[in-house]
Amino acid sequence: MHPLAERIQNKDIRALAKAITMVENDHPEKLELLSDVFSIKNNAHYIGITGSPGAGKSSLVNRLITHVRNKGLTIAVIAVDPTSPFSGGALLGDRVRMNQHFTDPGVYIRSMATRGSLGGLARATKDAIRICDAYGFDVVLVETVGVGQSELDIMKVVDTTALVLTPNSGDVLQVFKAGIMEIADIFIINKADLPGVEKLKILLKDFMMITKKEEGHIPPIVTTISTDNVGVEEMWDHLKEHHTYLYNTDQGDQKRQEQFKLEVQELIREEMWRDVARFLDGFEKEYTIDQVKYKDPYLLAANWYEKWKQEGDK
Ligand SMILES: Nc1nc2c(ncn2[C@@H]2O[C@H](COP(=O)(O)OP(=O)(O)O)[C@@H](O)[C@H]2O)c(=O)[nH]1
Ligand SMILES: [Mg+2]
1 MHPLAERIQN KDIRALAKAI TMVENDHPEK LELLSDVFSI KNNAHYIGIT GSPGAGKSSL
61 VNRLITHVRN KGLTIAVIAV DPTSPFSGGA LLGDRVRMNQ HFTDPGVYIR SMATRGSLGG
121 LARATKDAIR ICDAYGFDVV LVETVGVGQS ELDIMKVVDT TALVLTPNSG DVLQVFKAGI
181 MEIADIFIIN KADLPGVEKL KILLKDFMMI TKKEEGHIPP IVTTISTDNV GVEEMWDHLK
241 EHHTYLYNTD QGDQKRQEQF KLEVQELIRE EMWRDVARFL DGFEKEYTID QVKYKDPYLL
301 AANWYEKWKQ EGDK
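Right, dumping it as structure tokens:
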């Protein structure tokens, strides 16, 4: 077994942090480590929290941490920031807010960004989730910053996706366009102290009619006021309920099977892309940018592809 995997299994928190950094940096031993990590996973509940910036995700996560800890469970939180490692602001605010949990060994908080990882942020996030799972956390929660394509990718790797909306913000349409409506397992109307909750509920139900699946889990709508700790228990109960559904029904089984298939495909794609990238790196030196400028891109791509295949056949 990879020494880091062994240390993670023995609850060495520094090994956990180091392993996640290796994943972010696409370390050469990454796949070997992850395969060992996978063999010691403990089946934690993977939860994703998504929603527009300012919807109250971090405030809710903070409340949830306390709630989960009171139930005697441990929790890892991964804050994903696809923009850059320099964004600071939002995450810094989160850190201050979540500060109260920093000395609790049952809580681990980590922010993630891609630093050129080939598989992208969603891939790195999934690997980080697995690492936290292997360490033995009962719950691994991922918080994203917004509702774009990378959020959508990330939400495809968790068990349960909670979508946080706020009354009168108009973010429903944005969320709908991003395709997040379809993958949400739980809708949360946060800031329920503000007017417009009933209107949003009606709107949500309309959208649910459009995106409705033929069978399976019907996403519940939960209202919360995270600043006053209202609705957090209900939110947690619904998250758990969905987890139970995943493990006890055919549809849940099917969903997990789909995710597994997708993941294998993703890993193959990443491996192949690694090859292609290496090839292109070398090949670009032969075709300088000046030569490329006025050439037919289709022809050039076909040309490169042929060369790549020949390389592979050798
Ligand atoms: N009125 C009200 N404000 C809230 C509520 N939840 C969060 N906020 C505020 O909304 C702002 C953004 O919250 P934050 O948790 O950082 O949102 P995030 O960007 O989705 O993580 C903060 O100023 C919070 O205090 C709520 O239930 N009601
Ligand atoms: Mg936040």
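In the UniProt record's numbering, the protein residues as written are 1 to 314. All C-beta atoms in this analysis are idealised placements derived from N, C-alpha and C, irrespective of residue type, glycine included.
Nearest-angstrom Cβ-Cβ length linking residue i and residue j, presumed shorter than 8 Å
{"i": "His101", "j": "Glu233", "result": "Their Cβ separation, rounded to whole angstroms, is 18 Å, which puts His101 and Glu233 out of contact at 8 Å."}
{"i": "Ile183", "j": "Met155", "result": "5 Å"}
{"i": "Gly48", "j": "Val158", "result": "4 Å"}
{"i": "Ala44", "j": "Val139", "result": "6 Å"}
{"i": "Ala134", "j": "Val37", "result": "5 Å"}
{"i": "Gly216", "j": "Gln259", "result": "Not a contact, Cβ separation roughly 14 Å."}
{"i": "residue 337", "j": "Pro219", "result": "Since the first residue shown for the chain is 1 and the last is 314, residue 337 is missing from the structure and cannot be characterised."}
{"i": "Ile129", "j": "Tyr46", "result": "6 Å"}
{"i": "Leu200", "j": "Leu165", "result": "7 Å"}
Neighbour flag for residue i against chain C, beta carbons, 8 Å
{"i": "Lys177", "result": "The structure shown contains no chain C; it is built from a single protein chain."}
Between the CA atoms of residue j and residue i - distance to the nearest angstrom
{"i": "Gly148", "j": "Gly120", "result": "14 Å"}
{"i": "Ser84", "j": "Glu266", "result": "Because the pLDDT of Ser84 is 46, which lies under 50, any placement of that residue in the model is unreliable, and the question is left without a value."}
{"i": "Asp193", "j": "Val77", "result": "26 Å"}
{"i": "Ala5", "j": "Ser39", "result": "9 Å"}
{"i": "Leu163", "j": "Phe187", "result": "5 Å"}
{"i": "Arg14", "j": "Gly54", "result": "31 Å"}
{"i": "Trp236", "j": "Leu152", "result": "22 Å"}
{"i": "residue 327", "j": "Pro297", "result": "The question about residue 327 has no answer, for the chain in this structure spans 1 to 314."}
{"i": "Leu60", "j": "Glu270", "result": "34 Å"}
{"i": "Gly179", "j": "Thr224", "result": "23 Å"}
{"i": "Lys309", "j": "Arg63", "result": "54 Å"}
{"i": "Ile268", "j": "Asp26", "result": "15 Å"}
{"i": "Arg110", "j": "Arg69", "result": "17 Å"}
{"i": "Val107", "j": "Arg123", "result": "23 Å"}
{"i": "Leu16", "j": "Ala113", "result": "16 Å"}
{"i": "Gly72", "j": "Ser52", "result": "30 Å"}
{"i": "Arg7", "j": "Lys18", "result": "11 Å"}
{"i": "Pro105", "j": "Gln9", "result": "15 Å"}
{"i": "Ser58", "j": "Ser226", "result": "9 Å"}
{"i": "Lys255", "j": "Glu263", "result": "12 Å"}
{"i": "Ala90", "j": "Thr50", "result": "Residue confidence for Ala90 is low, a pLDDT of 47 falling below 50, so the modelled location carries little weight; the figure read from the coordinates is stated next. Cα-Cα distance, rounded: 14 Å."}
{"i": "His243", "j": "Leu280", "result": "43 Å"}
{"i": "Asn190", "j": "Phe176", "result": "17 Å"}
{"i": "Thr211", "j": "Pro195", "result": "26 Å"}
{"i": "Glu311", "j": "Trp273", "result": "14 Å"}
{"i": "Glu24", "j": "Glu198", "result": "42 Å"}
{"i": "Leu92", "j": "Thr144", "result": "With a pLDDT of only 47 at Leu92, under the threshold of 50, the placement of this residue in the model should not be trusted, and no figure is reported."}
{"i": "Thr21", "j": "Gly136", "result": "18 Å"}
{"i": "Gly88", "j": "Ile75", "result": "Annotation note: pLDDT 42 at Gly88 (below 50); position unreliable, no value reported."}
Where the alpha helix (DSSP H) containing residue i begins and where it ends
{"i": "Met208", "result": "Val197 to Thr211"}
{"i": "Met235", "result": "Val232 to Asn248"}
{"i": "His67", "result": "Lys57 to Asn70"}
{"i": "Met155", "result": "Gln149 to Met155"}
{"i": "Met112", "result": "No alpha helix (DSSP H) contains Met112, which is instead part of the beta strand (DSSP E) from Val107 to Met112."}
{"i": "Glu215", "result": "Careful: Glu215 lies outside any alpha helix (DSSP H) and carries neither H nor E."}
{"i": "residue 318", "result": "Here the chain covers residues 1 to 314 and nothing more, so residue 318 does not appear."}
{"i": "Ala19", "result": "Ile13 to Glu24"}
Any non-hydrogen atom of ligand 2 closer than 7 Å to residue i Cβ
{"i": "Glu143", "result": "yes"}
{"i": "Lys41", "result": "no"}
{"i": "Ser150", "result": "no"}
{"i": "Ser58", "result": "yes"}
Residue i Cβ short of 7 Å to ligand 1 heavy atom set
{"i": "Asp193", "result": "yes"}
{"i": "Ala302", "result": "no"}
{"i": "Pro53", "result": "yes"}
{"i": "Ser169", "result": "no"}
{"i": "Asn248", "result": "no"}
{"i": "Ile202", "result": "no"}
{"i": "Thr223", "result": "no"}
{"i": "Thr227", "result": "yes"}
{"i": "Asn190", "result": "yes"}
Range of the contiguous beta strand (DSSP E) that encloses residue i
{"i": "Thr103", "result": "Note, Thr103: premise wrong, no beta strand (DSSP E); not H, not E."}
{"i": "Gly312", "result": "It is not in any beta strand (DSSP E) - Gly312 instead sits in the alpha helix (DSSP H) that spans Pro297 to Asp313."}
{"i": "Phe187", "result": "Ile186 to Ile189"}
{"i": "Gly51", "result": "His45 to Gly51"}
{"i": "Leu165", "result": "Thr160 to Leu165"}
{"i": "Glu29", "result": "Where Glu29 is concerned, there is no enclosing beta strand (DSSP E), given that its DSSP letter is neither H nor E."}
{"i": "Thr74", "result": "Here Thr74 belongs to no beta strand (DSSP E), and DSSP marks it neither H nor E."}
{"i": "Thr223", "result": "Ile221 to Thr223"}
Decide yes or no for the touch test of the segment 30-44 against the segment 166-175: beta carbon pairs closer than 8 Å, at least 3 of them. no
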